[in-house]
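Everything below concerns the one structure shown next.
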Amino acid sequence: MEKIREVAVFCIGRAVMFGSLAITCVMVGFSFNPVSAFRAGAMLTLLMAAILIWKAYAAARQNPKSTEVWMYLDDKARPASEHSRFVFATVMRDVYARFGQASLAVACLFFAISMIFVMFGFEAYQPE
-14 MEKIREVAVF CIGRAVMFGS LAITCVMVGF SFNPVSAFRA GAMLTLLMAA
36 ILIWKAYAAA RQNPKSTEVW MYLDDKARPA SEHSRFVFAT VMRDVYARFG
86 QASLAVACLF FAISMIFVMF GFEAYQPE
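Numbered by our numbering, the letters in the sequence shown go through residues -14 to 113 in order.
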């Protein structure tokens, strides 16, 4: 079970890292206006959190053989019985939920930072 959790954290963490890289690129694109940059980061991170939480709910219905985690597991660590498939789905649900909660916290932080900038007199970008 720990081997499955370790591989799941690696695979899902890598996917979240690439999503975070894309969100950071969008925020850098809005760097001329800090309010817009942090609001865009908050919205995109909130979208990523929603996707991760949805994946956590869908993990029980997913076939373990169709996951990236299954490919990285060696033959001894792969679940064979129905009970071990339940354990696999539980581990995947927990890992997705943990990353989803962390993404939600970061989205709230980004939104709070944008509100702080608004309190100091900055305004969001309004195209003409």
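A virtual CB, placed ideally from N, CA and C, is assigned to each residue, including glycine.
Note that this is a predicted model, so its numbers are computed, not measured.
Nearest neighbour of K(-12) by Cα position, chosen from E113, V76 and A27, turns out to be V76.
Under the DSSP assignment, S99 falls in the alpha helix (DSSP H) whose first and last residues are E67 to M104. The three-state secondary structure of S21, taken from DSSP, is helix. Close CB contacts of V1 within its chain, under the 6 Å cut and outside five residues either way in sequence, are with F84 (chain order). Under the three-pair Cβ rule at 8 Å, the stretch 61 to 70 does not count as touching the stretch 95 to 111.
One alpha carbon belongs to F102, the other to E108, and they sit about 8 Å apart. DSSP, reduced to helix, strand and coil, places K50 within a helical segment of the structure shown.
Cβ contact annotation for M(-14) (same chain, cutoff 7 Å, sequence separation greater than five): V72 and V76, in chain order.
Short of 6 Å from the beta carbon of A22, and not among the five residues preceding or following it, lie these beta carbons of its own chain, in chain order: M12, F15 and S16. Sequence-distant Cβ neighbours of G(-2) in its own chain, meaning closer than 8 Å and more than five residues away, are F84. In the same chain as V20, and ignoring 5 residues on each side of it, the C-beta atoms closer than 8 Å to its own belong to S99, F102, V103, F107, E108, A109 and Y110, in chain order.
Counting the other CB atoms within 10 Å of its CB gives Y42 a total below 16, which places it among the exposed residues.
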